[in-house]
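Visitor: So that you can map any letter, position 19 of the sequence shown is 17 in this note's numbering, and since no number is skipped, the others follow by simple counting.
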Amino acid sequence: MKLNTNDLTLFGYDLSGGFAGLSLAWRELLWSEESPLAAALAETVALINERGELISYYRAGELCQLVRPEVETHALLLDDAKVLQKRITVPEGVEAELANVIELEVAASSPFGLENTALGWRLAERSAGQLQVDVAMVNKLDAQLGLESCRPAQEAWAGTESGPVVIRGFGESKRLARQGKRLGGIAWRALLIVIVLCCIPAMVSAFRYMQVEKLQASYQSLKTSSAAAIEAREKLQEGNALLQEARRLSAANADPLQHFQIMSEHTADDVWLRSFKLNGNTLQISGYALNTSELIGVLSNLPPYQQVKQRGGIRRDRRKDRDIFTLDISIRPQYKEGGQE
């Protein structure tokens, strides 16, 4: 399901701007001409004019000196007469949506019609919370004819005040794809380094395991030669086991104070206890109540008690005008060790 980042709120705060900011930061890191990483991975492009003459070399949008004359990409610099240049100023806060803003500006300004317009842009300047952006608009047909007449060129570029820009949609995707492959290669190498670093603790653990195995072998040899000491140790272990079993049996009995508290909190004030007997997971109480059936219903609905039964019939004490009850109550296993698990 597609995530709509235009309508993301949390506790009344709009999070869509945060997602847009993260997306912008990711694009700036990997593809922006201002990114050192992108500049390191970018190809050098030979910029030529319509006669096929070399103008200069550019790398990541900046003029550079090429040490080796071999380049894989040639770009045609379109004649200024075919290019409509424009500098627009936008607030810095809309940088995450800068591409959309530029498209709207081009749609309003292009004389070629929206369908026939190709564009390119570059960030010229940041100042006082504003962005100065140079935009170049060309007729798609002019750019296509120029590339066909200048065969070495695979891309179309146009000049602006701040420098040449790539006219999008004319072959630059192949160059960017090669840049993406180089980025992927670096990512795989980084992943391999991480895997190697993660394997180092495993190697250390394997070495420690071999040491433990060696110590265990020495222990077995010592155990064979020290039968008396081993026998005494086994007896001690048996004694510890008996002690643990005794503790377990002691803990297996329900806590009487807990059930006294439950009776006090959940029974009416007209209930009086005469006896309280706790044996394992069985609790027997007897006493007086105005309504024994109502008391049984209350106790049956309490989580600690699995079953509540009246022992014998319910007798009535006429002198006290109360029922005489004797109840057998089964305690649930998880309440036998002093509380619910």
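From the three backbone atoms N, C-alpha and C, an ideal C-beta is built for every residue, glycine too.
Could you round the C-beta distance between L271 and I283 to whole angstroms and report it? I think they count as a contact, below 8 angstroms.
Guide: Confirmed, about 6 angstroms.
Visitor: Hey, quick one: how far does the alpha helix (DSSP H) through N98 stretch, first residue to last?
Guide: It spans 96 to 107 - the alpha helix (DSSP H) in which N98 sits, taken as one unbroken run.
Visitor: What is the rounded straight-line gap between the Cα of L52 and the Cα of L145?
Guide: Roughly 15 angstroms separates the two Cα atoms.
Visitor: Given 8 angstroms as the limit, is there contact between the segment 110 to 118 and the segment 185 to 201, that is, 3 or more CB pairs closer than that?
Guide: Flag = no, the segment 110 to 118 and the segment 185 to 201 do not touch.
Visitor: Please report the distance separating the alpha-carbon of L102 from that of G118.
Guide: Cα to Cα, L102 sits roughly 13 angstroms from G118.
Visitor: Suppose the cutoff is 6 angstroms on Cβ atoms and the five residues either side in sequence are ignored; what does the same chain contact list for M208 look like?
Guide: Around M208: no qualifying Cβ.
Visitor: Skipping 5 residues on each side, what residues in its chain have a beta carbon closer than 6 angstroms to that of Y303?
Guide: Once the five neighbours on either side are set aside, the close Cβ partners of Y303 are L297, I327.
Visitor: Rounded to whole angstroms, what is the Cα-Cα separation between E41 and A126?
Guide: Roughly 33 angstroms separates the two Cα atoms.
Visitor: How many whole angstroms separate the CB atoms of L340 and V136, which I take to be in contact at a CB cut-off of 8 angstroms?
Guide: In the structure as shown, the chain begins at -1 and stops at 339. Residue 340 is therefore absent and cannot be evaluated.
Visitor: E68: which of A44, K172, G59 sits nearest, CA to CA?
Guide: Taking only the C-alpha atoms, the option nearest E68 is A44.
Visitor: What residues in its chain sit with their C-beta under 8 angstroms from that of I100, if we drop five residues either side in the sequence?
Guide: Contacts found: I86, L117, W119, V131, V133.
Visitor: Between A79 and the rest of its own chain, which residues show a CB-CB distance below 8 angstroms, the 5 nearest in sequence each way excluded?
Guide: There are no such residues.
Visitor: Excluding the five sequence neighbours on either side, which residues of its own chain have a C-beta within less than 8 angstroms of the C-beta of I329, listed in chain order?
Guide: Within the same chain, I329 has close Cβ partners A252, H257, N279, T280, L281, P302, Y303, Q304.
Visitor: Does R180 come out as helix, strand or coil in the three-state DSSP assignment?
Guide: Helix.
Visitor: Is F9 buried or exposed, if buried means 16 or more other CB atoms sit within 10 Å of its CB?
Guide: Interpretation of F9 is limited by its pLDDT of 47, a score under 50 that renders its predicted location unreliable; the figure taken from the coordinates is listed afterwards. Exposed, by the Cβ-count rule.
Visitor: Where does I198 land, buried or exposed, given buried means 16+ other C-beta within 10 angstroms?
Guide: Its Cβ having fewer than 16 others within 10 Å, I198 is exposed.
Visitor: How far does the beta strand (DSSP E) with V43 in it reach, from first residue to last?
Guide: Where V43 is concerned, the enclosing beta strand (DSSP E) stretches over 42 to 46.
Visitor: Below 7 angstroms between beta carbons: does that hold for A154 and L39?
Guide: No; because the gap between Cβ atoms is not below 7 angstroms, this pair is not in contact.
Visitor: Could you name the residues that DSSP lists as bridge partners for M135?
Guide: Bridge partners of M135: L82, L117.
Visitor: Using the rule of at least 16 other Cβ atoms within 10 Å of the residue's Cβ for burial, across every protein chain shown, is D321 buried or exposed?
Guide: That one is buried.
Visitor: Using CA coordinates, which residue listed in G295, R49, Y286, G285 is at the minimum distance from H264?
Guide: The option with the nearest alpha carbon to H264 is G295.
Visitor: By the 10 Å Cβ neighbour count, where 16 or more other Cβ atoms means buried, how is R49 classified, buried or exposed?
Guide: When all chains shown are included, R49 counts as exposed.
Visitor: Do you know offhand how far Q242's Cα is from R231's?
Guide: Whole-angstrom Cα-Cα distance: 16 angstroms.
Visitor: Output the boundary residues of the beta strand (DSSP E) element that contains Q282.
Guide: That run of the beta strand (DSSP E) goes 280 to 287.
Visitor: Look up Q305 in the DSSP assignment and say whether it is helix, strand or coil.
Guide: Q305: strand per DSSP, three-state reduction.
Visitor: Compare the beta carbon distance of A394 and F323 with 7 angstroms and say whether it is the shorter of the two.
Guide: As displayed, the chain neither begins before -1 nor continues past 339, which places residue 394 out of reach and without an answer.
Visitor: Using a Cβ-Cβ cut-off of 7 angstroms (strictly less than) and excluding sequence neighbours within five positions of V92, which residues of its own chain qualify?
Guide: V99, listed in sequence order.
Visitor: In terms of DSSP beta bridges, what is W186 paired with?
Guide: W186 is not bridged to any residue.
Visitor: Between P162 and A156, how many whole angstroms is the CB-CB distance? I'm expecting something under 8 angstroms.
Guide: P162 to A156, Cβ: 7 angstroms. Contact.
Visitor: In the DSSP assignment, what are the bridge partners of E153?
Guide: A73, per the DSSP bridge assignment.
Visitor: Where do the N-terminal and C-terminal ends of the alpha helix (DSSP H) with F168 fall, by residue?
Guide: Taken as a continuous stretch (DSSP letters only), F168 belongs to no alpha helix (DSSP H), as it is neither H nor E.
Visitor: Less than 6 angstroms between the CB of A266 and some heavy atom of the ligand COA, yes or no?
Guide: Absence of the ligand COA is noted for the structure shown, with no ligands found whatsoever.
Visitor: Which residues in the same chain as C62 place their Cβ atom closer than 8 angstroms to its Cβ, once the five residues preceding and following it in sequence are excluded?
Guide: T42, Y55, Y56.
Visitor: Within the continuous beta strand (DSSP E) that includes I329, where are the two ends?
Guide: Here the beta strand (DSSP E) through I329 covers 320 to 329.
Visitor: For T87, name the three-state secondary structure that DSSP assigns.
Guide: Reduced to three states, the DSSP call for T87 is strand.
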